[in-house]
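Beneath this line is the structure, given in structure tokens, with notes to follow.
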Amino acid sequence: MSPMTIAERLALNKYDVDAEPHIHLKLEVCQKCDRSPCLYICPAECFKLREGKLSFAYEGCLECGSCRIACDKGAIEWSYPRGGFGVSFEYG
Amino acid sequence: MDDVFDAIVVGAGPAGCAAAYRLAKEGLQVLVVERGKFAGSKNVTGGVLYGPVMNELIPSFSAEAPVERRIMHHVITLLSEKSSLSIDYNAGDSEKHNGFSVLRSRFDRWFARKVEEAGGIVATGLRADDLLWQDGRVAGIVAGGDNIAGRVVIAADGVNSLLAEKAGLGVKLSPDNVNQGVKEIIKLPPETIEERFNLSGESGTAIHFLGFCTQGVHGGGFLYTNRESLSLGVVVQLKTLVEHNLKGVDLLEGFKSHPTVRELVKGGTTVEYSAHLVPAGGLSMVPRLYTDGLLVVGDAAALVLATGRALEGINFALESGMAAAETVKRAKGKNDFTKQTLSVYEQLLAQSFVLQDLKTFQKSAQFLENARLYGVYPELACRLAERIFEVDGKPKKKAWQIMREEMKGKVSIWQMIRDAISAKGAT
Ligand SMILES: Cc1cc2nc3c(=O)[nH]c(=O)nc-3n(C[C@H](O)[C@H](O)[C@H](O)COP(=O)(O)OP(=O)(O)OC[C@H]3O[C@@H](n4cnc5c(N)ncnc54)[C@H](O)[C@@H]3O)c2cc1C
Ligand code: SF4
Ligand code: SF4
Numbered sequence: 000m001s002p003m004t005i006a007e008r009l010a011l012n013k014y015d016v017d018a019e020p021h022i023h024l025k026l027e028v029c030q031k032c033d034r035s036p037c038l039y040i041c042p043a044e045c046f047k048l049r050e051g052k053l054s055f056a057y058e059g060c061l062e063c064g065s066c067r068i069a070c071d072k073g074a075i076e077w078s079y080p081r082g083g084f085g086v087s088f089e090y091g
Numbered sequence: 000m001d002d003v004f005d006a007i008v009v010g011a012g013p014a015g016c017a018a019a020y021r022l023a024k025e026g027l028q029v030l031v032v033e034r035g036k037f038a039g040s041k042n043v044t045g046g047v048l049y050g051p052v053m054n055e056l057i058p059s060f061s062a063e064a065p066v067e068r069r070i071m072h073h074v075i076t077l078l079s080e081k082s083s084l085s086i087d088y089n090a091g092d093s094e095k096h097n098g099f100s101v102l103r104s105r106f107d108r109w110f111a112r113k114v115e116e117a118g119g120i121v122a123t124g125l126r127a128d129d130l131l132w133q134d135g136r137v138a139g140i141v142a143g144g145d146n147i148a149g150r151v152v153i154a155a156d157g158v159n160s161l162l163a164e165k166a167g168l169g170v171k172l173s174p175d176n177v178n179q180g181v182k183e184i185i186k187l188p189p190e191t192i193e194e195r196f197n198l199s200g201e202s203g204t205a206i207h208f209l210g211f212c213t214q215g216v217h218g219g220g221f222l223y224t225n226r227e228s229l230s231l232g233v234v235v236q237l238k239t240l241v242e243h244n245l246k247g248v249d250l251l252e253g254f255k256s257h258p259t260v261r262e263l264v265k266g267g268t269t270v271e272y273s274a275h276l277v278p279a280g281g282l283s284m285v286p287r288l289y290t291d292g293l294l295v296v297g298d299a300a301a302l303v304l305a306t307g308r309a310l311e312g313i314n315f316a317l318e319s320g321m322a323a324a325e326t327v328k329r330a331k332g333k334n335d336f337t338k339q340t341l342s343v344y345e346q347l348l349a350q351s352f353v354l355q356d357l358k359t360f361q362k363s364a365q366f367l368e369n370a371r372l373y374g375v376y377p378e379l380a381c382r383l384a385e386r387i388f389e390v391d392g393k394p395k396k397k398a399w400q401i402m403r404e405e406m407k408g409k410v411s412i413w414q415m416i417r418d419a420i421s422a423k424g425a426t
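Residue numbers (numbering that gives the first Met the number 0), protein chains in the order written: chain U, 0 to 91; chain D, 0 to 426.
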């Protein structure tokens, strides 16, 4: 089986994306973060470095909660998407 | 029906459904709220449903529920970079098997339907946003902008229990006491699965991997057979991922392309990618389990057994859900939902396998911190096997001698003995 990118993987899943993000980042806190564990910990790669700056996209979120626990700077305001929104697993 | 529910259950996973099913059967007014579009749509597990607990709740379940295969084969596989060594337990054709592979999206949906058949109300697509308080006690929830009153709330909202947190009973999740699982569902025809894994009919296999699947860091891999698919995943401690700058998905790819695993998944098509956390700190991370008007069950209370053999959470979730239901039933009988009455819950858990197993294995979490378990030992075992099976035309050495040679520079005899002693105390 050939390797897949994260985008290809996420494309397999069903999502009903809420227009209102369920995770908010205080990017001013991230500017001072040296290790950025969120870059490794997010299995959906929602956190990305672009030209040295952190960017965040909530659409592919798998709702695992890893970033909530790994970010020790208090930069993440975390909740689940509103009822009915977000990822829907067919198998689980 | 008056406008106060006897119990409001938040979350339609196994913990919530077990509690709600029992309560509904007893004739209590019970409401389950589930944030997923349907029950199970948010849930991910390995997953093998172990043991007879489900049978106690719904005796006919194995005929009715969408279970995948009866697990008749349990395999432990140690991986080095290129090779592997397996210990294979086959229950043969005895009737004794100890679990079913399940796909949670299907299983939980079925379970929630059973709750409804028993008279409970299951409201899906509804997220509990907050607890409702009255005179210092929990008196219901806030969901979808409405206040919903309940005599007691059962927090069955899983590992990131934001609800229990709001009542100060939340588990203190930290990178060292929680593991991340990343998982793929790989489609294969049932005949291929049966042929490849030596299965007949409904039987299935559960393989646990240790070693190269996590590149030698804290965690393990799994491969479980479903009817028409394989569940393949790795579970790794969050702290380790961060410390080693590793990504779960890269470990999963590496695991999948290991020569041993590659053969097992060959020709398959990935149809789903998922991730979920699992509490892994054992007894020491279990929070206070109840307060006035509130009980915490399942993963929300970190009631998961992680011994390094397998991950057991579903049966713990079920059992704690049933204990919560029994507690609420008694509280209803006295019309008293204060913490004094609800303390029965903890007593029931202490009498059951839930707290007893967590106590028996309370040293596991610490033992599993030992990096040699994931690196040196699997590597050593594979090398040892390689050299024992090797016929190279030279005079043979005894296994013990080979072992001494292979251990050199990697682990001392004393270290190994010390590890064996702590394994005895912990696993
Ligand atoms: C990768 C992995 C492999 C595992 N393998 C196994 C295994 O093989 N065998 C085993 O026994 N255990 C296994 N476990 C552990 C097992 O999956 C859990 O212990 C079990 O699912 C816990 O059940 P629960 O009902 O407590 O929580 P969950 O199953 O997580 O259910 C919680 C429910 O609450 C809902 N919810 C959450 N918040 C809200 C809210 N605010 N409002 C409304 N609804 C909400 C969720 O959508 C969800 O349906 C594994 C776990 C992982 C992550
Ligand atoms: S770890 Fe937290 S503070 Fe650091 S970059 Fe990531 S989100 Fe920002
Ligand atoms: S909850 Fe999980 S998937 Fe979603 S952004 Fe955080 S780490 Fe990524």
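Beta carbons are placed, not taken as given, at the ideal position from N, Cα and C, and that holds for glycine.
Every value quoted in this text rests on a predicted model; they were computed, and no experiment measured them.
| Asked | Found |
| --- | --- |
| Report the three-state DSSP secondary structure of T337(D) (helix, strand or coil). | coil |
| Measuring only from the beta carbon, is N146(D) closer than 7 Å to any heavy atom that is part of ligand 5? | For the structure depicted, ligand 5 is absent and the ligand set comprises only ligand 1, ligand 2 and ligand 3. |
| Look up K24(D) in the DSSP assignment and give the residues it is bridged to. | Answer is none; K24(D) lacks a bridge partner. |
| Take the Cβ of M0(D) as the centre, count every other Cβ of all protein chains shown within 10 Å, and call the residue buried at 16 or more, exposed below. | Low local confidence applies: a pLDDT of 46 at M0(D) is under 50, so the model's placement there is unreliable, with the coordinate-based value given in what follows. Answer is exposed; the Cβ neighbour count stays below 16. |
| Residues of the segment 69–85 of chain U with a CB closer than 9 Å to any CB of chain D: list them in chain order, please. | A69, D71, W77, S78, Y79, P80, R81, G82, G83, F84, G85 |
| Using a Cβ cut-off of 8 Å, pull out every chain D residue sitting near P88(U), in sequence order please. | Here residue 88(U) turns out to be Phe, not Pro, going by the sequence shown. Neighbours of F88(U) on chain D, chain order: G39, S40, K41, N42, V43, R103, S104, E271, S273. |
| Which residue from Q179(D), A122(D), E183(D), T44(D) puts its Cα closest to that of V101(D)? | T44(D) |
| Taking 8 Å as the threshold (beta carbon to beta carbon), is I5(U) in contact with chain A? | Protein chains in the displayed structure are U and D, and chain A is not among them. |
| By DSSP, does E262(D) sit in helix, in strand, or in coil? | helix |
| Ordered along the chain, which non-local residues of its own chain (more than five positions away) have a Cβ less than 7 Å from that of A155(D)? | V8, V9, G10, G12, A14, G15, A18, V296, G297, A299, G320 |
| Verify the CB distance criterion: does Q179(D) have a CB-CB separation below 8 Å to chain U? | yes |
| Hey, is P36(U) close to ligand 2, as in C-beta under 7 Å from one of its heavy atoms? | yes |
| Suppose only complete runs of 3+ residues qualify. What are the beta strand (DSSP E) ranges in the segment 235–299 of chain D, listed by chain order? | 268–278, 293–295 |
| So is the beta-carbon of A122(D) under 7 Å away from any non-hydrogen atom of ligand 2? | no |
| How about E58(U) and Y14(U): do their beta carbons lie closer than 8 Å? | yes |
| Anything in chain D within Cβ reach of L11(U), meaning under 8 Å, just list it in chain order. | T269, V270, E271, Y272 |
| Let's see if you can read the secondary structure: which residues bound the alpha helix (DSSP H) around A69(U)? | 65–69 |
| Give the secondary structure of G15(D) by DSSP, where H, G and I count as helix, E and B as strand, and everything else as coil. | helix |
| Which one or two residues does DSSP pair with S202(D) in a beta bridge? | R69(D) |
| Could one say the Cβ of R92(U) lies closer than 8 Å to chain D's Cβ atoms, at least one of them? | With chain U represented from 0 up to 91, any question about residue 92(U) goes unanswered, as that position is not in the structure. |
| DSSP three-state call for I57(D): helix, strand or coil? | coil |
| How do the segment 254–264 of chain D and the segment 74–86 of chain D stand: do at least 3 beta-carbon pairs fall below 8 Å, yes or no? | yes |
| For L324(D) and L48(D), which I take to be in contact (beta-carbon distance under 8 Å), what is that distance rounded to the nearest angstrom? | Just to set this straight, residue 324(D) is Ala in the shown sequence, not Leu. So it is not a contact: roughly 19 Å between Cβ atoms. |
| Would you call the segment 349–359 of chain D and the segment 382–390 of chain D touching, i.e. three or more CB-CB distances under 8 Å? | no |
| Could you check if C60(U) belongs to the surroundings of ligand 2, using beta carbon to heavy atom distance under 7 Å? | no |
| Measure the beta-carbon distance from E227(D) to L187(D) and round it to whole angstroms, keeping in mind my assumption that it falls under 8 Å. | 7 Å |
| Strictly below 7 Å CB to CB, what residues from chain D border Y39(U)? | L240, V241, N244, L245, K246 |
| Taking 8 Å as the cut-off, does the segment 35–47 of chain U touch the segment 62–72 of chain U (at least 3 CB pairs, one atom from each stretch)? | yes |
| If contact means a Cβ-Cβ distance below 7 Å, which residues of the segment 121–135 of chain D contact chain U? | G124, L125, R126 |
| Roughly how many angstroms separate the alpha carbons of I75(U) and F46(U), rounded to a whole number? | 12 Å |
| By DSSP's criteria, L48(D) is part of a beta bridge. Which residues make up the other side? | F99(D) |
| Where does the unbroken beta strand (DSSP E) through F55(U) begin, and where does it stop? | 52–55 |
| Can you tell me which residues form a DSSP beta bridge with E4(U)? | It should be noted that the sequence gives Thr, not Glu, for residue 4(U). Per DSSP, none; premise fails for T4(U). |
| How far does the alpha helix (DSSP H) with Q30(U) in it extend, from its first residue to its last? | Where Q30(U) is concerned, there is no enclosing alpha helix (DSSP H), given that its DSSP letter is neither H nor E. |
| Mapping the DSSP letters down to three states, classify F46(U) as helix, strand or coil. | strand |
| Under DSSP, the beta strand (DSSP E) around K358(D) begins and ends at which residues? | Run containing K358(D): none in the beta strand (DSSP E); it sits in the alpha helix (DSSP H), 352–359. |
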